Amino acid sequence: MSVDAVVFDIGNVLIEWNPERFYDAEIGRARRTALFAAVNLHRMNDLIDAGAPFRETVKDWAGRHPGWAAEILLWHDRWIDMAAPRIEGTVVLLRALRRRGMPVFALTNFGIGSFDIACRHYDFLTEFDRVWASGHLRLMKPDPAIYAALEAECGMAPG
Numbered sequence: 032m033s034v035d036a037v038v039f040d041i042g043n044v045l046i047e048w049n050p051e052r053f054y055d056a057e058i059g060r061a062r063r064t065a066l067f068a069a070v071n072l073h074r075m076n077d078l079i080d081a082g083a084p085f086r087e088t089v090k091d092w093a094g095r096h097p098g099w100a101a102e103i104l105l106w107h108d109r110w111i112d113m114a115a116p117r118i119e120g121t122v123v124l125l126r127a128l129r130r131r132g133m134p135v136f137a138l139t140n141f142g143i144g145s146f147d148i149a150c151r152h153y154d155f156l157t158e159f160d161r162v163w164a165s166g167h168l169r170l171m172k173p174d175p176a177i178y179a180a181l182e183a184e185c186g187m188a189p190g
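Number 168 in my numbering belongs to position 137 of the sequence shown; there are no gaps in the numbering.
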């Protein structure tokens, strides 16, 4: 079987995504544990990844949890610090495939606003032939519809 294209995920493939590590460094592990127990920040992020506006969603959640507002606002204001560092070996692979003329795509759960920030910070995110980002599609992995969208639009069978 020949390979006609390569599809990358982004989070924990090209850039590390570990909000807990960020919060541990900023507010300490015990306070981060309490924050994440009190506020489902991963659910908030899922809403953003599904297409909810980044800044407004974070501000709304901060308003709903005033005791944690400053910490919640970090999700927006310091988001790029949560999405770090780049995973150098995978970036090298992406670029090597491109140099060989291999089509490279991205299929990722990523919010619209946060993806814009990431693209400004990580130049390699603009090097894909096409990106299917959940926020734009309003579909999230593992919903089979997001994979069907990629297959239909790139014109290549998944095999």
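Cβ coordinates follow ideal geometry from the N, Cα and C atoms, glycine included. Quantities reported herein were computed from a predicted structural model and do not represent experimental measurements.
Looking only at DSSP bridge pairs, what is residue i linked to?
| i | result |
| --- | --- |
| isoleucine 193 | This structure leaves residue 193 out entirely; the chain is present only between 32 and 190. |
| phenylalanine 136 | Val38 and Arg161 |
| isoleucine 46 | Gly42 and Arg117 |
Compare the beta carbon distance of residue i and residue j with 8 angstroms and say whether it is the shorter of the two.
| i | j | result |
| --- | --- | --- |
| arginine 86 | glycine 42 | no |
| leucine 78 | glutamate 102 | no |
| isoleucine 111 | isoleucine 148 | yes |
| methionine 133 | valine 37 | yes |
| phenylalanine 136 | arginine 161 | yes |
| alanine 180 | tryptophan 163 | yes |
Which one of the options has the shortest CA to CA distance from residue i?
| i | options | result |
| --- | --- | --- |
| valine 70 | Arg129, Trp48 and Arg95 | Arg95 |
| valine 122 | Met32, Glu47, Asp35 and Val34 | Glu47 |
| proline 84 | His107, Val34 and Leu156 | His107 |
| phenylalanine 141 | Leu105, Ser165, Ala183 and Glu184 | Ser165 |
| arginine 74 | Val89, Glu184, Glu182 and Phe155 | Val89 |
| alanine 176 | Leu138, Phe146 and Arg131 | Leu138 |
| histidine 167 | Phe146, Cys185 and Ala56 | Phe146 |
At what residues does the alpha helix (DSSP H) containing residue i begin and finish?
| i | result |
| --- | --- |
| arginine 161 | Unbroken run through arginine 161 is the beta strand (DSSP E), 161-164; no alpha helix (DSSP H). |
| threonine 121 | 119-130 |
| aspartate 147 | 143-152 |
| isoleucine 90 | The sequence shown places lysine at residue 90, not isoleucine. Counting along the chain, the alpha helix (DSSP H) containing lysine 90 begins and ends at 85-95. |
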